[in-house]
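In the numbering used here, the protein residues as written are 3 to 374. The C-beta atom is built at its ideal place from N, Cα and C for all residues, glycine as well. Just below is one structure, and these are the notes that go with it.
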């Protein structure tokens with residue numbers, strides 16, 4: 003809230019600076035220096051606010067990461083101790099007692115806990131706080147833009163709706179592409195782990211060449227899926243950037259008519275100012291027109307500059323979905339996969355716990371061996 007309100011105040015202060023410099027032609031140095039001092043002071047006061055913001059954000063991410071990691075660790079350790087693993091093997095009849103096996107998406111439970119939780123928390127906090135920040139900035143800047151030009155306000159809303167729909171259509175394949183990339187990456191990492199754990203058998207049977215060839219194929223698949231996703235991401239970002247740049251030209255053209263009207267009013271004011279007749283008319287006309295014209299130009303340029311800044315802020319924050327299409331697709335993919343992993347984990351434990359309770363009640367060594 004403080005940062006959003008400070009942003010609108012700084013915008014107004016910049017407008018006053020432009021008006022002061024153009025009206026006085028740089029002669030009123032005292033007002034210019036005073037305005038510059040206020041502006042620099044506000045920037046210095048905002049520095050600790052930004053520092054506190056980022057520290058709170060890091061603390062929030064750390065707390066959430068700890069909570070989710072502990073949630074997954076509890077079930078993961080219990081499942082490992084029951085010699086089942088945190089994921090159900092693809093062969094439902096396999097009770098060989100192997101530890102964690104990769105899920106259908108090719109990722110191991112330790113990959114989920116070590117990296118996927120961090121990715122999810124980082125994306126979720128960033129996008130959630132960016133959405134909150136967008137609402138705050140829209141609250142402050144929409145009123146400012148409405149005061150300057152209602153037409154620009156309507157244009158920003160319509161342009162944001164069109165841009166969001168267009169970007170959504172262009173980025174509709176990003177979740178599937180990111181899922182395929184994660185699948186290929188998980189398969190590659192799991193294969194490296196398998197080679198390390200079975201190095202003795204591979205060396206005994208002379209399978210080094212086959213393993214290298216197989217890993218080259220998996221590496222190629224990993225790089226191809228990453229290239230496909232990044233290519234689609236580039237298309238989406240290119241369209242989004244070009245779209246915003248084109249719409250960013252509208253404030254100048256929309257307010258051009260208003261500038262002409264203000265200039266005409268200033269000129270009319272100059273004519274009427276010296277309407278006393280004779281010599282007084284000529285002197286009054288010249289003086290009035292020059293002074294009012296400079297004031298009008300200063301005010302118009304200040305208004306246009308402030309309108310452009312407010313329009314860019316409103317448009318950018320209304321386009322939050324379009325501007326973050328890639329990150330939203332990544333968040334959706336990771337969230338779906340983490341949820342599926344958690345469901346498989348719970349299902350595995352529901353099947354194992356009754357058997358473990360039976361063994362604990364029996365107490366025989368044969369029963370424990372049978373469970374293992």
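C-alpha gap between residue i and residue j, whole angstroms
i	j	result
residue 5	residue 32	28 Å
residue 204	residue 211	10 Å
residue 3	residue 55	11 Å
residue 150	residue 122	41 Å
residue 253	residue 16	17 Å
residue 66	residue 60	10 Å
residue 349	residue 74	14 Å
residue 7	residue 142	7 Å
residue 326	residue 250	19 Å
residue 207	residue 213	11 Å
residue 305	residue 315	15 Å
Residue i classed as buried or exposed, judged by whether at least 16 other C-beta atoms fall within 10 angstroms
i	result
residue 36	exposed
residue 308	buried
residue 140	buried
residue 343	buried
residue 160	exposed
residue 78	buried
residue 200	exposed
residue 319	buried
residue 76	exposed
residue 188	buried
residue 133	exposed
residue 81	buried
residue 202	exposed
Cutoff 6 Å; reference residue i; Cβ partners in own chain excluding five residues on either side
i	result
residue 228	183
residue 70	119
residue 231	179, 180, 183
Assigned secondary structure, residue i (DSSP; H/G/I helix, E/B strand, else coil)
i	result
residue 207	coil
residue 257	coil
residue 6	helix
residue 120	helix
residue 198	helix
residue 174	coil
residue 242	helix
residue 168	helix
Spatial neighbours of residue i in its chain, beta-carbon cut-off 8 Å, leaving aside the 5 residues before and after
i	result
residue 335	177, 180, 181, 184
Close beta carbons around residue i, own chain, < 7 Å, minus the five adjacent residues each side
i	result
residue 126	333
residue 340	114, 118, 122
residue 86	Low confidence applies to residue 86: its pLDDT is 44, below 50, so where it sits in the model is not reliable, and the reading given next is rough at best. For residue 86, where only same-chain residues beyond five positions count, the Cβ hits under 7 Å are 350, 354.
residue 146	10, 312
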